[in-house]
Structures are given as structure tokens and as C-alpha cells.
Amino acid sequence: MLPSKNKSINRWKEEGKKVFGYMCTNIPEELIYAAGILPVRLTGKPVDIVEANKHHAIYMCHHARSVMEVGLLDEYECLDGIVNAYGCEGSCNIFQVLGLVLAFDFFLNFFVSPIMLGQTWLKGSICRSYRSLSKGWKNT
3 MLPSKNKSIN
13 RWKEEGKKVF
23 GYMCTNIPEE
33 LIYAAGILPV
43 RLTGKPVDIV
53 EANKHHAIYM
63 CHHARSVMEV
73 GLLDEYECLD
83 GIVNAYGCEG
93 SCNIFQVLGL
103 VLAFDFFLNF
113 FVSPIMLGQT
123 WLKGSICRSY
133 RSLSKGWKNT
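Taking the working numbering, the leading residue of the sequence shown gets 3, the next gets one more, and so forth.
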């Protein structure tokens, strides 16, 4: 179900809380929850890709272009931000383009997911991401 049509998400928003979308499974949802924000996986939907092709290369996967198309149709209007990690070129491009194209204020954060890096680096990356998420987005 799309975020704008989800009753649970709408109730969360009515309580004055923030909702962030994410595409990549490398996103640690626990960080988003810890910041008092509801994470919502952006999955797109089976639609004809028209508007997204104006902003995204048509050779990219249908999933990424579908997420873009749905965003351009204002189905993500309930989101307060997007968090992404490097998973594929399509999701990285979508992340950047959605941040530029959508007309409302958005929080954008790119989580750096380590590959074969030390535990100290991972802890620092997680701490930086948490500070970025919670800064200015506290639910009161």
C-alpha cells in the first residue's frame, strides 16, 4: 500500500511524528525508529512509467523508475524525508532526483553501508547517521 493511503502512517502523522521513506534494504531501520521517525519502504507500484523517464535513464530497472513515478504522482506527500544507502545505481539516482524534483521540504540522508571496513568505522558511521536523523527532527 502506498504511504499516502496507509491508515497507520496517517495516524502516525496526525500525532505530529515524522515519516521517512527508504529504498535500500541496507538501511538500518532501527536507527530511524531510534530517532522517533517511522521508516517506510518505498516499493513503487505497477504503473506505466511516463514522468520518471524524463528524470531517470530508461535503461534503469523498472523498480527504481516505478518508485520515481509514484513519487512524481505525489504518492509520497506524507513523507518528511528519504534515507538511502548504496544498493544500486538506480536507487542512488532516484534518491538524488527525488530530492531535486519534489516541491516540498525534504530531509535527505545517504547512509554509508560498510563493506569489509573495521568495527570502529561502522560505529562512527552509525553514530553520524543517527545524529543526522535526530537533528531537527525530534518529535515533541
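All C-beta atoms, glycine included, are put in the ideal place defined by N, C-alpha and C.
Since the model is a prediction, treat every value here as computed from it, not as a measurement.
Exposure of residue i, with buried meaning 16 or more beta-carbon neighbours within 10 Å
| i | result |
| --- | --- |
| residue 86 | buried |
| residue 23 | buried |
| residue 16 | exposed |
| residue 59 | exposed |
| residue 10 | exposed |
| residue 78 | buried |
| residue 36 | exposed |
| residue 18 | exposed |
| residue 129 | exposed |
Residue range of the beta strand (DSSP E) that includes residue i
| i | result |
| --- | --- |
| residue 87 | 83 to 87 |
| residue 75 | Unbroken run through residue 75: none, as it is neither H nor E. |
| residue 40 | 39 to 43 |
| residue 9 | Careful: residue 9 lies outside any beta strand (DSSP E), inside the alpha helix (DSSP H) at 9 to 16. |
| residue 61 | Neither: residue 61 is in no beta strand (DSSP E) and is coded neither H nor E. |
Nearest neighbour of residue i, chosen from the options [CA to CA]
| i | options | result |
| --- | --- | --- |
| residue 89 | 18, 13, 28, 14 | 28 |
| residue 47 | 7, 137, 99 | 7 |
| residue 102 | 33, 137, 74 | 74 |
| residue 131 | 72, 33, 62 | 33 |
| residue 136 | 31, 84, 39 | 39 |
| residue 143 | 14, 30, 133, 57 | Here the chain comprises residues numbered 3 to 142, so residue 143 is not present and cannot be evaluated. |
Near the ligand NAP: residue i beta-carbon under 7 Å from a heavy atom
| i | result |
| --- | --- |
| residue 82 | Of ligands this structure carries none, so the ligand NAP is not represented either. |
Beta-carbon spacing of residue i, residue j below 8 Å
| i | j | result |
| --- | --- | --- |
| residue 21 | residue 63 | no |
Residue range of the unbroken alpha helix (DSSP H) whose run includes residue i
| i | result |
| --- | --- |
| residue 99 | 91 to 103 |
message: Check whether the region 64 to 83 and the region 33 to 52 touch, using three or more Cβ-Cβ pairs below 8 Å as the test.
response: yes
query: If you pair each beta-carbon of the region 125 to 139 with each one of the region 92 to 102, do three or more pairs fall below 8 Å?
result: no
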